[in-house]
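Residue numbers (the numbering used here): 241 to 703. We put the beta carbon where it would ideally sit given N, CA and C, even for glycine.
Given below as structure tokens:
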């Protein structure tokens with residue numbers, strides 16, 4: 241596994257160096273590995289999607305029933321049956337068309353350009369031209385263009401919510417990792433195509449491209465051969481059995497009529513009319529309406545149903561094992577509750593906008609979702625980053641780490657220094673001065689209460 245190798249072993253395996261590939265070998269590697277794009281299967285036309293709605297066995301039987309109705313002069317019945325068929329087709333068409341749009345959106349989740357080192361020189365190229373062995377340069381705000389093994393990092397963090405479902409930024413390292421078959425979320429020395437850099441900068445060697453990347457595998461699953469749902473299988477069996485029974489009954493009725501001396505043509509029309517009457521024309525409409533209501537209810541909860549029969553399949557599920565953060569939730573955070581010490585509200589706003597790794601860009605705030613929520617709150621209060629920097633110029637910064645479980649920034653205020661710190665409540669209370677010791681139990685009780693409500697709680701302090 242690549243995450244088990246040292247940086248030098250990875251470079252040796254891909255026959256590259258920290259200076260990047262030579263231009264002479266890139267062309268041969270592109271021929272060997274192909275382009276770094278998510279393969280697009282031939283897009284289904286609107287007409288194709290529409291006509292596939294008429295391939296179900298029951299629909300085919302109903303089309304035959306409509307034809308028979310017109311043949312025997314029952315035009316009203318024929319029109320009603322056709323209306324049912326077209327209604328089913330319209331609902332299925334819009335559902336599948338929207339699903340195709342969602343697949344195309346997934347395929348667009350990739351960087352358009354990449355900054356690479358070629359023979360020691362930084363070059364900006366189309367992301368599709370990357371090959372295994374390329375050295376890519378990454379910084380905050382970049383969309384990672386390919387799966388890669390990190391060989392150099394500087395306070396480097398990425399948002400992997402699109403891949404793993406986790407909303408918090410992942411701190412990356414370059415050290416080799418032990419263990420077998422680690423999932424992507426645990427491979428902290430790897431970066432993955434389609435994820436976003438939230439902080440710092442890094443240098444990495446491309447390991448896989450295109451459909452071989454982790455996000456490419458997800459796209460491949462979406463293009464896997466379609467399988468019938470349990471409902472579709474049961475309806476197909478029922479439709480075939482019903483067709484056989486109706487045909488047998490019609491043959492019997494036709495034979496009895498001939499045996500009794502009835503005109504053959506009259507008995508033929510009678511048998512056809514009996515066949516139409518025996519078919520449950522309303523069954524597809526009832527099923528479609530029931531499934532459409534289920535799909536509509538799911539849509540209100542932001543769940544996209546690709547095929548209507550999938551609603552029935554989901555209804556049969558007993559347990560769903562899923563990650564919560566960023567999967568069942570929205571991967572966005574806001575400040576819901578805030579409590580400042582008396583008279584310290586303005587100071588807290590300054591701490592929220594200064595004590596973080598957030599970057600301001602034309603596209604908005606870049607960084608950890610928790611920190612961007614804090615900065616957003618301070619901005620909504622009317623404080624600007626420029627004003628905060630002017631009042632408290634930054635001197636130095638101690639990034640968050642798993643041992644301290646807090647982040648600190650040191651600022652100048654006139655002729656004195658001010659230290660802002662934020663972090664996990666249990667760690668923050670350990671560094672408080674003695675005069676606040678009696679308040680700690682109450683603060684921790686409030687922390688437990690807010691945590692029980694599903695809130696992420698942080699403590700701020702200053703000195």
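Query: Terminal residues of the beta strand (DSSP E) in which residue 404 lies; Result: No beta strand (DSSP E) holds residue 404; the alpha helix (DSSP H) holding it covers 401 to 404.
Query: Per-residue DSSP class, three states only, for residue 389; Result: strand
Query: Chain-order list of residues whose beta-carbon lies under 6 Å from that of residue 279 (same chain, five-residue window excluded); Result: 451
Query: Pair within 7 Å by beta-carbon distance, residue 432 and residue 406; Result: no
Query: Length of the line joining the Cα atoms of residue 350 and residue 384; Result: Reliability of the predicted coordinates at residue 350 is poor, the pLDDT of 46 falling under 50, and no value is obtained from them.
Query: Simplified DSSP assignment, three categories, for residue 646; Result: strand
Query: Contact check, residue 442 vs residue 360, beta carbons under 7 Å; Result: no
Query: Three CB pairs or more closer than 8 Å across the stretch 665 to 677 and the stretch 694 to 702; Result: yes
Query: Nearest candidate by alpha-carbon position, reference residue 601, set 274, 439, 336, 644; Result: 439
Query: Sequence-distant residues of its chain with Cβ nearer than 7 Å to residue 277 (five each side left out); Result: 368, 450
Query: Boundaries (first-last residue) of the beta strand (DSSP E) holding residue 606; Result: 604 to 606
Query: CA-to-CA distance, residue 532 to residue 503, given in whole angstroms; Result: 47 Å
Query: Local conformation of residue 688 per DSSP, three classes; Result: helix
Query: Distance between residue 437 and residue 244 (C-alpha atoms, nearest Å); Result: 23 Å
Query: Status (buried if at least 16 other CB within 10 Å, exposed otherwise) for residue 399; Result: buried
Query: The alpha helix (DSSP H) enclosing residue 361, as first and last residue numbers; Result: Taken as a continuous stretch (DSSP letters only), residue 361 belongs to no alpha helix (DSSP H), being part of the beta strand (DSSP E) at 361 to 366.
Query: Contact under 7 Å by Cβ, residue 403 with residue 448; Result: no
Query: Reduced DSSP category for residue 698 - H, G, I as helix; E, B as strand; rest coil; Result: coil
Query: At least three beta-carbon pairs within less than 8 Å, the stretch 324 to 334 to the stretch 284 to 300; Result: yes
Query: Residue 559 - DSSP class collapsed to helix/strand/coil; Result: coil
Query: Proximity below 7 Å, CB of residue 254 to CB of residue 371; Result: no
Query: Residue 580, enclosing alpha helix (DSSP H) - first and last residue; Result: Element bounds for residue 580: n/a, residue is neither H nor E.
Query: Residue burial classification, residue 536 (beta-carbon count within 10 angstroms, cutoff 16); Result: exposed
Query: Local conformation of residue 656 per DSSP, three classes; Result: strand
Query: Simplified DSSP state of residue 265, which is helix, strand or coil; Result: helix
Query: Heavy atom of the ligand SAH within 6 Å of residue 589 beta-carbon; Result: Ligands are entirely absent from the displayed structure, and the ligand SAH is therefore not among its contents.
Query: Residue 354, DSSP secondary structure in three states; Result: strand
Query: Pair within 7 Å by beta-carbon distance, residue 224 and residue 649; Result: Since the first residue shown for the chain is 241 and the last is 703, residue 224 is missing from the structure and cannot be characterised.
Query: Whole-angstrom distance between residue 534 and residue 711, CA atom to CA atom; Result: Residue coverage of the chain in this structure runs from 241 to 703, which leaves residue 711 outside it and unanswerable.
Query: Contact between the stretch 512 to 523 and the stretch 307 to 324 (3+ Cβ pairs under 8 Å); Result: yes
Query: For residue 634, the first and last residue of its enclosing alpha helix (DSSP H); Result: No alpha helix (DSSP H) contains residue 634, which is instead part of the beta strand (DSSP E) from 634 to 638.
Query: Reduced DSSP secondary structure (H/G/I, E/B, other) of residue 599; Result: strand
Query: Nearest-angstrom Cα separation, counted from residue 428 out to residue 251; Result: 18 Å
Query: Beta-carbon proximity of residue 298 to residue 524, cut-off 7 Å; Result: yes
Query: DSSP three-state assignment for residue 255, whether helix, strand or coil; Result: coil
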